[in-house]
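Counting from 19, one number per residue, gives the positions in the sequence shown under this note's numbering.
All C-beta atoms, glycine included, are put in the ideal place defined by N, C-alpha and C.
On a predicted model such as this, the values are computed, not experimentally measured, just so you know.
One structure below.
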Amino acid sequence: MNCPACGVRMSYNDETTKLTEFVCPRCHETIIEYKSRARMAP
Ligand SMILES: [Zn+2]
19 MNCPACGVRM SYNDETTKLT EFVCPRCHET IIEYKSRARM AP
């Protein structure tokens with residue numbers, strides 16, 4: 019996944035059973051990607 023702001027390849031920041039969090043090393047944009055079948059809302 020690339021940063022939507024500057025296009026730099028993002029790195030893993032954190033990962034849980036529900037989501038994966040990416041952070042951009044350049045502008046520190048953070049993207050949270052929710053995993054399928056693990057949505058918060060019913
Ligand atoms: Zn960025």
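Just to check my reading of the structure: residue i and residue j have Cβ atoms closer than 8 angstroms, yes? What is that Cβ distance to the nearest angstrom?
i	j	result
I49	M28	7 angstroms
From this set, the options, which residue's C-alpha is nearest residue i's C-alpha?
i	options	result
R53	C45, L37, C42 and N31	Inspection of the sequence shows that residue 53 is occupied by Lys rather than by Arg. Nearest of C45, L37, C42 and N31 to K53, Cα basis: L37.
Roughly how many angstroms separate the alpha carbons of residue i and residue j, rounded to a whole number?
i	j	result
P22	E33	20 angstroms
M19	R44	14 angstroms
E39	C24	17 angstroms
C42	Y30	9 angstroms
Exercise for review: Let me have the residue list for ligand 1: C-beta closer than 6 angstroms to any non-hydrogen atom, ordered along the chain.
Suggested key: Any residue whose Cβ sits closer than 6 angstroms to a heavy atom of ligand 1 makes the list: C21, A23, C24, V26, C42, R44, C45 and E47.
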